[in-house]
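Per my numbering, the very first residue in the sequence shown carries number 98; after that it's consecutive.
From the three backbone atoms N, C-alpha and C, an ideal C-beta is built for every residue, glycine too.
This report refers to the structure that appears directly beneath it.
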Amino acid sequence: MIELKTPAEIGRMQVAGRFVAEVLSEVARLADVGVNLLDLEHHVRGMITRRGAESCYWDYTPSFGKGPFRNVICLSVNDAVLHGLPHDYTLRDGDVLSADLAVTIDGWAADSARTIIVGTAAEEDLRLIRATEEALAAAIEAARPGNRLGDISAAIGAVAAAHGYPVNTEFGGHGIGRTMHEDLHVANKGRAGRGMKLRPGLTLALEPWFARTTDRIVYDPDGWTIRSADGSRTAHSEHTVAVTEGAPLVLTRREAENSAPQGNSAGRLSTTDA
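Below, the structure written as structure tokens:
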């Protein structure tokens, strides 16, 4: 069932969205050469606990996973792009790190993802990340009343095509509200003018993700981590968005949205920070 949210309910989702944005900004600040993914995981656990939020991932058991999921954030490195299980891996110079987080606060969910480069940034990785960010901006612009769901998918697909990146349609955006995954699948490629008409109160997690040279995916033995089938690098950008009477409202927007992803040389995260 598709539930249209009231302005007050959207406001409550925005509270969760601001916290998700804060956590992802903290992860981006701390992710540095020599930092272990498990230290980032435990740092995020502490932030969630102190805020009184609840992880949407912990104990999550969808049909596609090998569950239950026992982490609070997805951390995917290089050719991994979705559902990456934090594990004993130390970040290296030039790694591409995608961080994906969903939480609920007072019963309302928000979901967002961003991709950063650790240390020295390769231009081809920057181009890939910029393409997902451009596709996300195009998807958000299409999330207006009177448009159709296919307009969002077509907007994402058009950006991918312009950059020469193939598109996988198995995993994409989704409805969100009282839970992380609600009705509506938003494919990252589609036909404009098709699908459900968008109405004010509709809330969606829009999440273009691309691999550089393939639209095929493979799973790690952990049953969760999804990688590009050919080992090419990947990127993932996501925001939770509300359709309103006017412009789309981005509920997970960061205070300072960077115009371009940069290599990270932030301070180290020690185990005492976790």
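Separation of residue j from residue i, as counted between CA atoms
{"i": "A128", "j": "M293", "result": "39 Å"}
{"i": "L295", "j": "V338", "result": "12 Å"}
{"i": "G343", "j": "A150", "result": "30 Å"}
{"i": "A44", "j": "P242", "result": "Because the chain in this structure spans residues 98 to 371, residue 44 falls outside the shown range and cannot be described."}
{"i": "V116", "j": "S160", "result": "The sequence given here places Phe at residue 116; Val does not occur at that position. Those two C-alpha atoms are separated by around 28 Å."}
{"i": "T310", "j": "A259", "result": "14 Å"}
{"i": "E279", "j": "R189", "result": "36 Å"}
{"i": "F307", "j": "P263", "result": "7 Å"}
{"i": "D185", "j": "T201", "result": "27 Å"}
{"i": "G270", "j": "L303", "result": "5 Å"}
{"i": "Q359", "j": "E221", "result": "Because Q359 carries a pLDDT of 44, less than 50, the predicted location of this residue cannot be relied on, and the following value inherits that uncertainty. In a straight line, the C-alpha of Q359 is about 12 Å away from that of E221."}
{"i": "M98", "j": "C171", "result": "27 Å"}
{"i": "L223", "j": "I213", "result": "9 Å"}
{"i": "G143", "j": "S152", "result": "11 Å"}
{"i": "L179", "j": "V215", "result": "18 Å"}
{"i": "H282", "j": "Y316", "result": "21 Å"}
{"i": "D312", "j": "L246", "result": "21 Å"}
{"i": "G328", "j": "A118", "result": "29 Å"}
{"i": "I314", "j": "F268", "result": "10 Å"}
{"i": "E100", "j": "G181", "result": "30 Å"}
{"i": "V120", "j": "R167", "result": "18 Å"}
{"i": "S356", "j": "H336", "result": "Caution applies to S356, whose pLDDT of 39 falls short of 50 and renders its modelled position unreliable; the value that the coordinates give is listed next. Roughly 16 Å separates the two Cα atoms."}
{"i": "D203", "j": "R148", "result": "11 Å"}
{"i": "T146", "j": "L346", "result": "27 Å"}
{"i": "S362", "j": "A199", "result": "Since pLDDT at S362 reaches only 40, below the 50 mark, its modelled position is unreliable, and no value is offered."}
{"i": "K102", "j": "A332", "result": "30 Å"}
Start and end residues, alpha helix (DSSP H) containing residue i
{"i": "F116", "result": "P104 to L127"}
{"i": "H140", "result": "L134 to R148"}
Other residues of its chain near residue i: CB distance less than 6 Å, five sequence neighbours each side excluded
{"i": "A177", "result": "T322 and R324"}
{"i": "V174", "result": "D192 and L194"}
{"i": "D248", "result": "A239 and A289"}
{"i": "P297", "result": "P242, V340, T341 and E342"}
{"i": "A235", "result": "A252 and V256"}
{"i": "T158", "result": "G164 and P165"}
{"i": "P104", "result": "none"}
{"i": "S367", "result": "Reliability fails at S367, whose pLDDT of 40 lies under 50, so the model's placement of it is uncertain and the value that follows must be treated cautiously. So no residue of the chain qualifies."}
Close-in-space but distant-in-sequence residues of the same chain around residue i (CB under 7 Å, 5 per side omitted)
{"i": "R365", "result": "Low confidence applies here, because R365 scores a pLDDT of 46, under 50, leaving its location unreliable; read the following figure in that light. These residues qualify, in order along the chain: D129, G131 and V132."}
{"i": "Q111", "result": "L348"}
{"i": "P305", "result": "T229, A232, L233, A236, I253, N285 and S334"}
{"i": "D291", "result": "According to the sequence displayed, residue 291 carries Arg and not Asp. So the qualifying residues of the chain are R245 and G247."}
{"i": "R109", "result": "D203 and W205"}
{"i": "G320", "result": "G162 and K163"}
Enclosing beta strand (DSSP E) for residue i [first to last residue]
{"i": "S173", "result": "C171 to V174"}
{"i": "H271", "result": "G270 to G272"}
{"i": "V178", "result": "A177 to L179"}
Expected contact under 8 Å - CB spacing of residue i and residue j to nearest Å
{"i": "L135", "j": "P165", "result": "That pair is no contact at about 18 Å."}
{"i": "E225", "j": "R330", "result": "Checking the sequence shown, residue 225 turns out to be Leu, not Glu. L225 to R330, Cβ: 6 Å. Contact."}
{"i": "T169", "j": "W155", "result": "This sequence places Val at residue 169; Thr is not what is there. Rounded, the Cβ-Cβ distance is 6 Å, consistent with contact."}
{"i": "A196", "j": "V256", "result": "Not really, about 21 Å apart at Cβ, beyond 8 Å."}
{"i": "T266", "j": "N244", "result": "Between N244 and T266 the Cβ distance is about 19 Å, and since that is not below 8 Å, they are no contact."}
{"i": "A210", "j": "A113", "result": "That belief does not hold up - the Cβ atoms of A210 and A113 are roughly 15 Å apart, past 8 Å."}
{"i": "I107", "j": "T300", "result": "7 Å"}
{"i": "R351", "j": "S122", "result": "6 Å"}
{"i": "W205", "j": "G274", "result": "7 Å"}
Same chain, Cβ closer than 8 Å to residue i, neighbours up to 5 away in sequence not counted
{"i": "D370", "result": "With a pLDDT of only 44 at D370, under the threshold of 50, the placement of this residue in the model should not be trusted, and no figure is reported."}
{"i": "A219", "result": "G191"}
Proximity test, Cβ basis, 8 Å: residue i and chain C
{"i": "S173", "result": "Judged by its chain identifiers, the structure shown contains no chain C, having just a single protein chain."}
Where in the segment 278-361 do unbroken runs of the alpha helix (DSSP H), each at least 4 residues long, occur, reported from the N-terminal end onward?
List check, alpha helix (DSSP H) in window: nothing returned.
In chain order, what are the residue ranges of uninterrupted alpha helix (DSSP H) at least 4 long that sit wholly in the segment 193-247?
Within the segment 193-247, the complete alpha helix (DSSP H) runs of at least 4 residues are 220-239.
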